[in-house]
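Colleague: Encoded as structure tokens, here's the structure I'll be asking about.
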Amino acid sequence: MNIRSIKSIALIGALCIVPLLSISPSWAHGGGGKEDAAAYPGYMELKPPLVVNLASSGRTRYLKMDLQFYLSTSHDAELVTQHMPLLRDRMITMLGGRQPEQLSSMEDREKLRAELLESLRETMTHQTGVPAITAIYFTGFIIQ
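Its first residue numbered 4, the sequence shown is counted upward by one per residue in the working numbering.
Structure below.
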């Protein structure tokens, strides 16, 4: 092989390797192609917000509730995500048909928070053997 063909091969190799160096695959940074997992302990937002009809004479009334679950581990987050349809059903069943007056004071909301937390922890324990949800926080609470 002469010097000219060696230089040509080196140039072709460099032209092939340089573009590959600029590519940043997710596996090179430890990611599996998915978004990085949220750090736990932390919060998980209930999406979409919960909307239920309230019992009322006369006009139709409803409750729109935004809430966050406080979870201790990423495993708890996986369990809550997996069982979210069941948890939403449980909350709708508990809230639907309540009188608006039963939800209007701060004391009523604190009582509701405790009832929801107890019920959801029981549901998760029954389904998974782990209560999973440490706390519930209302981030929006509208009665209309």
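The C-beta atom is built at its ideal place from N, Cα and C for all residues, glycine as well.
Run through the DSSP bridge pairs and tell me what I95 is partnered with.
Modeller: Within the sequence shown, the letter at position 92 stands for residue 95. None, per the DSSP bridge assignment.
Colleague: Would you please state the rounded distance, in angstroms, between the beta carbons of D69 and L82? I believe it to be under 8 Å.
Modeller: Indexing the sequence shown from 1 puts residue 69 at position 66. Indexing the sequence shown from 1 puts residue 82 at position 79. The pair is not a contact, with the Cβ atoms about 21 Å apart (cut-off 8 Å).
Colleague: Here's the rule I'm using: 16 or more other beta-carbon atoms within 10 Å means buried, otherwise exposed. How should M127 be labelled?
Modeller: On the sequence shown, position 124 is the one that residue 127 refers to. Its Cβ being crowded by 16 or more others within 10 Å, M127 is buried.
Colleague: Should M94 go down as buried or exposed, given a rule of 16 or more other Cβ atoms within 10 Å for buried?
Modeller: Translated into the one-based positions of the sequence shown, residue 94 becomes position 91. The residue in question, M94, is buried, as its Cβ has 16 or more Cβ neighbours within 10 Å.
Colleague: Taking H78 as the reference, give the member of I136, F144 and S60 with the closest Cα.
Modeller: One-based indexing of the sequence shown puts residue 78 at position 75. The option with the nearest alpha carbon to H78 is I136.
Colleague: Out of F72, P52, S75 and Q85, which has the shortest C-alpha to C-alpha gap to Y65?
Modeller: Counting from one through the sequence shown, the residue named residue 65 turns up at place 62. Among F72, P52, S75 and Q85, the Cα nearest to that of Y65 belongs to P52.
Colleague: Determine the burial state of R62: buried for a count of at least 16 other Cβ atoms within 10 Å of its Cβ, exposed for fewer.
Modeller: Taking the first residue of the sequence shown as position 1, residue 62 is located at position 59. Result: exposed.
Colleague: Let me make sure I understand the geometry here. Which of E113, L119, E125 and R101 has the alpha-carbon closest to that of S60?
Modeller: By one-based count along the sequence shown, residue 60 stands at place 57. Nearest C-alpha to S60: R101.
Colleague: Suppose the cutoff is 8 Å on Cβ atoms and the five residues either side in sequence are ignored; what does the same chain contact list for D111 look like?
Modeller: By one-based count along the sequence shown, residue 111 stands at place 108. Here the set comprises Q105.
Colleague: Roughly how many angstroms lie between the CA atoms of G99 and P44, to the nearest whole one?
Modeller: Looking up residue 99 in the sequence shown gives position 96. Looking up residue 44 in the sequence shown gives position 41. Approximately 31 Å, taken between the alpha carbons.
Colleague: Checking the sheet assignment: what are the DSSP bridge partners for V54?
Modeller: In the sequence shown, counting from the first residue as 1, residue 54 sits at position 51. In the DSSP output, where bridge partners are listed per residue, V54 has K67.
Colleague: Are S107 and I139 closer than 8 Å when you measure CB to CB?
Modeller: Position 104 of the sequence shown, counted from the first residue, corresponds to residue 107. Position 136 of the sequence shown, counted from the first residue, corresponds to residue 139. No, Cβ-Cβ distance for S107 and I139 is not below 8 Å.
Colleague: Taking only the alpha-carbon atoms, compute the straight-line gap between V55 and T96 and give it to the nearest angstrom.
Modeller: Residue mapping note: residue 55 aligns to position 52 of the sequence shown, counting from 1. Residue mapping note: residue 96 aligns to position 93 of the sequence shown, counting from 1. Their Cα atoms are separated by approximately 9 Å.
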